[in-house]
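In this note's numbering, the protein residues as written are 38 to 597.
This is how it looks when you write it as structure tokens:
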């Protein structure tokens, strides 16, 4: 006869009929589970170490290492007792991707008359690529125009393209948005980045305006990461979802300019970059021609269609199985550096995001041990986050459960091994009523919420929850705080800063057996309790009044 724990898992995996046979006949008792089951630090450690191992070669989508990592996650979900939620009775939701690699024969030059000012090297001065699926794409004799922040935001009465036809031109722009530059709370959202500050938006808007090429000037502070992140993240194989137009609606060339390179170009054009940056942050800014500077480029690339899965499993609810609480984390990372001369070539992605992936599996396993809740709970480890939130975007387009029946979601992305803290950060603080549920959990523990301390970095728009938030589903993105229980706030802030500077999106993001995992376990336990309570309630959290996604949710669920 199976034990209570085994019976619970059999009920979830096999259904009542199969369970009846497994238990030897008769009417099965409702499994009660162990309500005191808690998160296992040892299990978290084991899974993080495996996901971040060299064996998975940086977990890039569609690579052998990525395939092995996704299979490992599916195996762990099965062992935990989750019901498969993917294609054809599997744990895998196949995401169709295009994979493009810019060939060394490609070139991008910025010229003035007969003089070549910049010959992009894809490492130190500029990085470029194309989202078009053609094997060769060219831009010739394209005039450079500085368009400030490259923003067209009617709700803020702001249009950097006003009165300008950029068809065939190369638009040069700043990262982030005017609110960050001025710190004026009445301009956009002040210091907090809006979606208009994200590079994803800037490339998309420039394409809508008809630009042939788009170059974003990199600055560490407004971008919130250094140039090495740019050169490491936007070179090598790049991914996109399969687009019906083959990327034809995108600009022919997209890229980044190093700040020093941009400064020199502006000087050659008779412009002062700092002065232009100041002007661009003021309402009424007008685009500025960069004189006789022009761009020539030829991008030769290999293009292939490939696949990489989201991995999904669920606990079926006991009384309201058609209502779902969602847990999400991305499993992918940046893969490997192609240069064989580099000593450490693997982007192991231990913090980002082996931690979050391990956490949602541990939440699932512990929740099953406690006993299935009234509502269903779905766990989705998404692919291609590092390529522009592609896996979660695909899930949003083709959800495995209806979005209108998704009660709310919890996104877990990159938990620092800082140890236990007195606080938790809410990224995009003040967005949804899920924050109230988190506060209840923190109150029980004598902890408190702090807003994201770097709203200017736009983290709210840089992780997978935003793919569903933009469709109306209330989502929470929370992380460990900085106020360490024994070492204090300064210790946590320095720990965070060191990771961002020295490890984020670098091969140095590796698992270490000396990590203090108590904080990762703390965050996982809080997220577990919050989701479990929500799954045992009849609450339907919404976005707060005035939040940008409130209207979408109200349309989706007018009865609420």
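Virtual Cβ for every residue (Gly too), placed ideally from N, Cα, C.
Query, Result
"Kindly confirm or deny that the segment 566-579 and the segment 357-367 touch, where touching means at least three C-beta pairs closer than 8 Å.", "yes"
"When DSSP labels each residue in this structure, what does residue 62 get in the three-state scheme?", "Because the pLDDT at residue 62 is just 36, under 50, the model does not fix this residue reliably, and the point stays unresolved."
"Among 383, 495, 526, 245, which residue has its Cα nearest to the Cα of residue 93?", "383"
"Should the segment 241-253 be regarded as contacting the segment 288-304, the criterion being three or more beta carbon pairs within less than 8 Å?", "yes"
"Assuming residue 390 and residue 451 are in contact, meaning their beta carbons sit under 8 Å apart, how far apart are those beta carbons, in whole angstroms?", "5 Å"
"Taking buried to mean at least 16 other C-beta atoms within 10 Å of its own C-beta, is residue 345 buried or exposed?", "buried"
"Which runs of the alpha helix (DSSP H) spanning at least 4 residues fall entirely within the segment 536-579, listed in chain order?", "555-572"
"What does residue 208 pair with, by DSSP beta-bridge criteria?", "182, 251"
"Have a look at 438, 437, 370, 578 and flag the residue whose alpha-carbon is nearest the alpha-carbon of residue 103.", "370"
"For residue 364, count the other beta carbons within 10 Å of its own beta carbon; 16 or more makes it buried, fewer makes it exposed. Which is it?", "buried"
"For residue 430 and residue 307, I'd like the C-alpha separation in whole angstroms.", "43 Å"
"Between which two residues does the alpha helix (DSSP H) harbouring residue 303 extend?", "296-305"
"How far does the alpha helix (DSSP H) with residue 502 in it reach, from first residue to last?", "502-506"
"Taking 9 Å as the CB-CB limit, is residue 402 close to chain C?", "The question asks about chain C, but that chain is absent: this structure has only one protein chain."
"For residue 399, which residues of its own chain have a beta-carbon under 6 Å away from its beta-carbon, when the five flanking residues on both sides are left out?", "76, 80, 81, 561"
"Leaving aside the five residues before and after residue 153 along the sequence, list all residues of the same chain whose C-beta is less than 7 Å from its C-beta, in chain order.", "146"
"Which same chain residues, not among the five before or five after residue 219, have their C-beta less than 7 Å away from its C-beta?", "318"
"Shortest alpha-carbon distance to residue 213 belongs to which of 324, 421, 232?", "232"
"Just mark residue 126 as buried or exposed, buried being the case when its beta carbon has 16 or more other beta carbons within 10 Å.", "exposed"
"Can you list, in chain order, the stretches of the beta strand (DSSP E) that have 3 or more residues and sit fully within the segment 252-288?", "275-278"
"Quick one: grab the DSSP three-state call for residue 68.", "Because residue 68 carries a pLDDT of 44, less than 50, the predicted location of this residue cannot be relied on, and the following value inherits that uncertainty. Residue 68 falls in the coil class under three-state DSSP."
"How do the segment 175-189 and the segment 266-273 stand: do at least 3 beta-carbon pairs fall below 8 Å, yes or no?", "no"
"With respect to the alpha helix (DSSP H) encompassing residue 327, which residues constitute its N-terminal and C-terminal limits?", "Where residue 327 is concerned, there is no enclosing alpha helix (DSSP H), although the beta strand (DSSP E) it sits in stretches over 325-352."
"Which class does residue 410 belong to by DSSP, given the choice of helix, strand or coil?", "coil"
"Can you name, in chain order, every residue of its own chain whose Cβ lies under 8 Å from the Cβ of residue 163, other than the five neighbours on each side?", "145, 155, 157, 252, 292, 293, 294, 295, 298"
"Who are the near neighbours of residue 148 in its chain, counting only those whose CB is closer than 6 Å to its CB and skipping five residues on each side?", "331"
"I'd like to confirm the pairing. Which residues does DSSP put opposite residue 225 in its beta bridges?", "Answer by DSSP bridge pairing: none, since residue 225 is not bridged."
"What beta strand (DSSP E) runs, 3 residues minimum, are completely inside the segment 84-137?", "none"
"Can you check DSSP and say which residues form a bridge with residue 76?", "Answer is none; residue 76 lacks a bridge partner."
"Kindly indicate the opening and closing residues of the beta strand (DSSP E) around residue 152.", "152-156"
"Return helix, strand or coil for residue 217, following the three-state DSSP convention.", "helix"
"Could you tell me the alpha carbon to alpha carbon distance between residue 584 and residue 440, rounded to whole angstroms?", "18 Å"
"So for residue 290, helix, strand or coil by DSSP?", "strand"
"Rounded to whole angstroms, what is the Cα-Cα separation between residue 178 and residue 243?", "18 Å"
"I'd like the list of long-range same chain contacts for residue 381, defined as Cβ closer than 7 Å, with 5 residues on each side in sequence excluded.", "544"
"In whole angstroms, what separates the C-alpha of residue 417 from that of residue 132?", "13 Å"
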